[in-house]
Ligand code: NAI
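Residue numbers (this note's numbering): 218 to 701.
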């Protein structure tokens with residue numbers, strides 16, 4: 218006999234578990250099916266463990282490089298116990314995943330640990346060690362996420378060739394790492410491993426790191442710092458294959474038609490992720506899937522099949538946890554009969570490199586593509602901010618892009634300390650259709666990194682206080698405050 222529910226969520230990542238909680242809050246009899254771990258990739262082998270390792274790397278680096286300047290007498294070699302670091306990282310993940318379990322329980326969501334397969338658009342079977350269960354639900358929310366892409370010549374075994382999962386679980390220092398793909402994951406992991414003493418080489422097929430996904434001025438700051446710290450970055454370089462040699466792994470790459478061989482102890486494969494739409498029997502029930510493997514959805518995240526919704530990585534870019542959570546809430550509310558649709562103006566994005574890059578809204582190139590040809594752009598450097606100086610973290614800037622005609626903020630791009638935390642103000646500004654003046658005239662507390670946002674707005678208007686800008690003239694188009 219099938220167990221019946223109003224809502225069945227498949228996949229307990231940041232999309233799925235959030236959807237399940239909201240559905241239950243709204244009075245729906247809800248279950249969630251998860252094959253591996255509550256919290257999904259993000260909490261267990263993605264966002265959270267990587268941030269734990271990045272924190273540790275930052276800490277280690279600052280002890281060695283910044284603390285002595287502040288007067289601390291630090292021994293030349295600080296020992297790092299990798300096994301202990303792993304244990305700590307795991308404890309962070311366990312806390313977060315345990316928290317999800319408690320929240321689900323507290324909201325009376327039934328959790329089924331097992332592999333879900335759709336046997337019809339209304340019925341799934343859940344296979345676990347204990348046996349197979351059948352579930353019948355009026356509504357399904359598919360939130361089964363994505364997995365790393367593999368490329369020919371590099372079979373992933375999580376030993377020689379690792380994905381982020383293998384890299385995050387390393388309990389020994391790696392001497393030489395070749396990272397294939399200079400995107401989000403490759404740079405986040407490559408950066409912290411470099412801090413732990415690994416010689417890192419990044420092989421990127423495109424013309425630049427984070428190509429097309431981040432503001433090029435921001436990327437330049439990070440690229441410069443990577444170079445300074447000894448990370449080798451090869452752009453326009455395609456990874457072809459590898460073999461085991463006498464002295465470790467030999468990775469063959471193609472740079473402008475010429476072959477080169479890089480020596481490595483491990484290879485990290487980070488060339489993107491693909492949606493898991495080829496799993497869970499999704500193809501057998503007639504679900505519409507696009508040519509890139511994303512489930513086709515409308516603004517309410519409805520698929521072509523009545524009562525089936527899809528959220529998160531499986532239904533399209535950007536593949537970001539917070540976008541999935543937003544969709545999770547939305548879909549649960551749609552199922553409960555509320556008038557909701559996805560209409561976010563921006564999905565802020567953060568790349569946890571050093572310094573962090575965060576953005577909300579449009580890149581300059583995207584503004585132009587959308588017909589905003591007359592832009593005003595202002596930048597304010599962290600080097601001119603008291604809090605940043607007192608933190609010894611002065612690299613980077615806040616950059617604001619606005620429509621010159623209306624002064625409406627179109628994009629904000631930050632590279633620098635706590636960019637990840639600063640960007641939320643930018644997201645709010647863009648959602649609310651703020652003008653640059655709104656940011657400039659909002660009193661920001663002193664001394665904080667947040668003042669850079671206000672000053673970048675002032676710089677966009679041509680009159681920031683803490684940097685030298687050309688004298689204001691009444692005639693200058695961007696030089697004066699609006700009178701109304
Ligand atoms: P990515 O799409 O960010 O970058 C992949 C890079 O690999 C591209 O620059 C591409 O040009 C390059 N590439 C592809 N084939 C190659 C080859 N044969 N040789 C050399 N380079 C090659 O993919 P990544 O880093 O795997 O991340 C996947 C997704 O995960 C991201 O798009 C992001 O949405 C999400 N993510 C988000 C994070 C965050 O929010 N902080 C952190 C990590 C991942």
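Here a beta-carbon is modelled for each residue, glycine too, at the ideal position from N, C-alpha and C. This one's a predicted model, so the numbers in the text were calculated from it and none came from an experiment.
Query raised in the report: Does the stretch 595-613 come close enough to the stretch 659-668 that 3 or more CB-CB pairs lie under 8 angstroms?
Result: With a cut-off of 8 angstroms, the stretch 595-613 and the stretch 659-668 count as touching, because enough Cβ pairs lie within range.
Query raised in the report: What are the complete beta strand (DSSP E) segments, minimum 3 residues, inside the stretch 483-544?
Result: For the stretch 483-544, whole beta strand (DSSP E) runs of length 3 or above, ordered along the chain, are 483-486, 490-492 and 525-527.
Query raised in the report: Alpha carbon to alpha carbon, what distance is there between residue 498 and residue 549?
Result: Counting from 1 along the chain shown, the entry for residue 549 is found at position 332. Counting from 1 along the chain shown, the entry for residue 498 is found at position 281. Our two residues, residue 549 and residue 498, have alpha carbons roughly 23 angstroms apart in a direct line.
Query raised in the report: How would you write the range of the alpha helix (DSSP H) that residue 239 sits in, first residue to last?
Result: Locating residue 239 in the chain shown gives position 22, counting from the first residue. Counting along the chain, the alpha helix (DSSP H) containing residue 239 begins and ends at 233-242.
Query - For residue 270, three-class secondary structure by DSSP - result: Residue 270 sits at position 53 when you count from the first residue of the chain shown. In this structure, residue 270 counts as helix in the three-state DSSP scheme.
Query raised in the report: Using a Cβ-Cβ cut-off of 8 angstroms (strictly less than) and excluding sequence neighbours within five positions of residue 636, which residues of its own chain qualify?
Result: Indexing the chain shown from 1 puts residue 636 at position 419. Scanning its chain for C-beta atoms nearer than 8 angstroms, with the 5 sequence neighbours on each side dropped, one finds around residue 636 the residues 567, 572, 573, 574, 575 and 613, in chain order.
Requested in this report: Please state if the CB of residue 538 and the CB of residue 528 are separated by a distance shorter than 8 angstroms.
Outcome: On the chain shown, position 311 is the one that residue 528 refers to. On the chain shown, position 321 is the one that residue 538 refers to. For residue 528 and residue 538, no; Cβs fall outside 8 angstroms.
Requested in this report: Mind checking who residue 394 pairs with in its DSSP beta bridge?
Outcome: Translated into the one-based positions of the chain shown, residue 394 becomes position 177. Paired residues: 417 and 483.
Query - 7 angstroms CB neighbourhood of residue 279 in its chain, flanking five on each side removed - result: Counting from one through the chain shown, the residue named residue 279 turns up at place 62. Within the same chain, residue 279 has no close Cβ partners at all.
Query raised in the report: Does the stretch 408-423 touch the stretch 449-458, meaning 3 or more C-beta pairs lie closer than 8 angstroms?
Result: Touching, per the Cβ criterion.
Report task. Apply the 10 Å Cβ neighbour rule to residue 411 and answer buried if 16 or more other Cβ atoms are within range, or exposed otherwise. Result -> Residue numbering aside, residue 411 sits at position 194 when the chain shown is read from its first letter. With 16 or more other Cβ atoms within 10 Å, it is buried.
Requested in this report: Report buried or exposed for residue 593, applying the criterion of at least 16 other Cβ atoms within 10 angstroms of its Cβ.
Outcome: The residue labelled residue 593 in the question sits at position 376 within the chain shown. By the C-beta density criterion, residue 593 is buried, having at least 16 other C-beta atoms within 10 angstroms.
Requested in this report: Please say whether residue 517 and residue 558 have beta carbons closer to each other than 8 angstroms?
Outcome: Mapped onto the chain shown, residue 558 falls at position 341. Mapped onto the chain shown, residue 517 falls at position 300. Yes; because the gap between Cβ atoms is below 8 angstroms, this pair is in contact.
Requested in this report: Output yes or no for whether 8 angstroms exceeds the beta carbon distance between residue 617 and residue 653.
Outcome: Sequence index remark: in the chain shown, residue 617 carries index 400 (1-based). Sequence index remark: in the chain shown, residue 653 carries index 436 (1-based). Contact flag set, yes.
Query raised in the report: Given residue 466, which residues of its chain have a CB within under 8 angstroms of its CB, disregarding the five upstream and five downstream residues?
Result: The residue given as residue 466 occupies position 249 in the chain shown. Short of 8 angstroms from the beta carbon of residue 466, and not among the five residues preceding or following it, lie these beta carbons of its own chain, in chain order: 377, 395, 459, 460, 480, 481, 482, 483 and 484.
**Report entry** beta strand (DSSP E) segments (min. 3 residues) lying fully within the stretch 354-397
**Finding:** The stretch 354-397 contains these whole beta strand (DSSP E) runs: 363-365 and 393-397.
Query raised in the report: Should residue 536 be labelled buried (16 or more other beta-carbon atoms within 10 Å of its own) or exposed?
Result: One-based indexing of the chain shown puts residue 536 at position 319. Buried.
Report task. Flag residue 463 as yes when its Cβ comes closer than 7 angstroms to any non-hydrogen atom of the ligand NAI, and as no otherwise. Result -> The residue labelled residue 463 in the question sits at position 246 within the chain shown. Remark: the shortest separation between the CB of residue 463 and any heavy atom of the ligand NAI does not fall under 7 angstroms.
Query - Simplified DSSP assignment, three categories, for residue 661 - result: On the chain shown, position 444 is the one that residue 661 refers to. Coil, per DSSP.
**Report entry** Through-space distance from residue 647 to residue 441, alpha-carbon basis
**Finding:** Indexing the chain shown from 1 puts residue 441 at position 224. Indexing the chain shown from 1 puts residue 647 at position 430. Roughly 29 angstroms separates the two Cα atoms.
Query raised in the report: Tell me which same chain residues have a C-beta within less than 8 angstroms of the C-beta of residue 415, skipping the five on either side of it?
Result: Along the chain shown, one-based indexing puts residue 415 at 198. When the five nearest sequence neighbours on each side are left out, the beta carbons in the same chain lying within less than 8 angstroms of the beta carbon of residue 415 are those of 390, 391, 392, 393 and 394, in order along the chain.
**Report entry** Buried versus exposed call for residue 239 [16 or more other C-beta atoms within 10 Å across all chains shown]
**Finding:** For the purposes of this step, residue 239 is identified with residue 22 of the chain shown, where counting begins at 1. Classification for residue 239: buried.
**Report entry** Whole-Å CB distance - residue 226 paired with residue 366, under 8 angstroms assumed
**Finding:** Taking the first residue of the chain shown as position 1, residue 226 is located at position 9. Taking the first residue of the chain shown as position 1, residue 366 is located at position 149. That pair is no contact at about 25 angstroms.
Report task. Return yes when at least one heavy atom of the ligand NAI lies under 7 angstroms from the C-beta of residue 601, else no. Result -> Your numbering for residue 601 matches position 384 in the chain shown. No, the Cβ of residue 601 stays beyond 7 angstroms of every heavy atom of the ligand NAI.
Query raised in the report: Is the beta carbon of residue 509 sitting closer than 8 angstroms to the one on residue 363?
Result: Your numbering for residue 509 matches position 292 in the chain shown. Your numbering for residue 363 matches position 146 in the chain shown. No, Cβ-Cβ distance for residue 509 and residue 363 is not below 8 angstroms.
Requested in this report: Compute the minimum distance between the beta carbon of residue 455 and the heavy atoms of the ligand NAI, and state whether it is under 7 angstroms.
Outcome: On the chain shown, residue 455 is found 238 positions in, with the first residue counted as 1. Under cutoff, so the answer is yes.
Query raised in the report: What is the residue span of the alpha helix (DSSP H) that residue 598 lies within?
Result: Position 381 of the chain shown, counting from 1, holds the residue named residue 598. Under the DSSP assignment, residue 598 falls outside any alpha helix (DSSP H), being part of the beta strand (DSSP E) whose first and last residues are 592-598.
Requested in this report: Assign residue 495 to buried or exposed, taking buried as 16 or more other Cβ atoms, counted over all protein chains shown, within 10 Å of its Cβ.
Outcome: Reading the chain shown from its first residue, position 278 is the one you call residue 495. Residue 495 is exposed by the Cβ-count criterion.
Query - Residue range of the unbroken alpha helix (DSSP H) whose run includes residue 402 - result: Reading the chain shown from its first residue, position 185 is the one you call residue 402. Boundaries of the alpha helix (DSSP H) harbouring residue 402: 401-412, taken from the DSSP string.
Query raised in the report: If you run the structure through DSSP and keep just helix, strand and coil, what is residue 223?
Result: Against the chain shown, residue 223 aligns to sequence position 6. If DSSP states are grouped into helix, strand and coil, residue 223 belongs with the strands.
**Report entry** Straight-line Cα distance separating residue 407 from residue 417
**Finding:** Here residue 417 refers to the residue found at position 200 of the chain shown. Here residue 407 refers to the residue found at position 190 of the chain shown. The C-alpha of residue 407 is placed about 6 angstroms away from the C-alpha of residue 417.
Report task. Whole angstroms is fine: what's the gap from residue 397's alpha carbon to residue 293's? Result -> Within the chain shown, numbered from 1, the residue matching residue 397 stands at position 180. Within the chain shown, numbered from 1, the residue matching residue 293 stands at position 76. Going from the Cα of residue 397 to the Cα of residue 293 covers about 32 angstroms.
**Report entry** Proximal residues to residue 374 (C-beta, below 8 angstroms), its chain only, five neighbours per side dropped
**Finding:** If you number the chain shown from 1, residue 374 lands on position 157. Around residue 374: no qualifying Cβ.
Query raised in the report: Opposite residue 477 in the DSSP bridges: which residues?
Result: Here residue 477 refers to the residue found at position 260 when the chain shown is read from its first residue. According to the DSSP secondary-structure assignment, residue 477 is paired through a beta bridge with 470.
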